[in-house]
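Student:
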Amino acid sequence: CAGIRQHFFYDGGDAVSAPREDVDKTVAAIGDAIAEIDADVVLLQELDRRSRRTHKVDQLAALRKRLAPTGLTCAASAA
Numbered sequence: 896c897a898g899i900r901q902h903f904f905y906d907g908g909d910a911v912s913a914p915r916e917d918v919d920k921t922v923a924a925i926g927d928a929i930a931e932i933d934a935d936v937v938l939l940q941e942l943d944r945r946s947r948r949t950h951k952v953d954q955l956a957a958l959r960k961r962l963a964p965t966g967l968t969c970a971a972s973a974a
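Numbering (my numbering), first residue to last: 896 to 974.
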């Protein structure tokens with residue numbers, strides 16, 4: 896959840912991290928979108944948890960906090 900303005904080095908760009916403000920705004924926007932669509936299941940790929948590229952923000956925890964008032968829950972699985 897680094898935002899669409901980032902072009903990371905592994906995708907051919909120069910960026911190695913995203914501005915903290917972009918990370919926070921993107922996580923908030925994703926939480927709002929999930930709450931709005933009223934889906935039974937939503938799958939997200941590559942949420943960062945304590946990664947330097949996104950300022951060590953635990954994005955799963957941030958989404959849980961964002962979605963708590965709606966009664967929606969989040970879970971993670973590493974395979």
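Beta carbons: idealized from backbone N, C-alpha and C, even for Gly.
Classify A913 as helix, strand or coil using the three-state DSSP reduction.
Tutor: As a first step, residue 913 is located in the sequence shown; it is residue number 18 there, counting from the start. A913 falls in the coil class under three-state DSSP.
Student: Quick check: the Cα distance between V937 and I929, rounded to an integer number of angstroms?
Tutor: As a first step, residue 937 is located in the sequence shown; it is residue number 42 there, counting from the start. As a first step, residue 929 is located in the sequence shown; it is residue number 34 there, counting from the start. Each residue's alpha carbon lies about 7 Å from the other.
Student: Could you give the distance in angstroms between the alpha-carbon of D935 and the alpha-carbon of I925?
Tutor: As a first step, residue 935 must be located in the sequence shown, where it is residue number 40. As a first step, residue 925 must be located in the sequence shown, where it is residue number 30. Looking at the two C-alpha atoms, the distance is approximately 16 Å.
Student: Would Q954 be called buried (16 or more neighbouring beta carbons within 10 Å of its own) or exposed?
Tutor: Your numbering for residue 954 matches position 59 in the sequence shown. Answer is buried; the Cβ neighbour count reaches 16.
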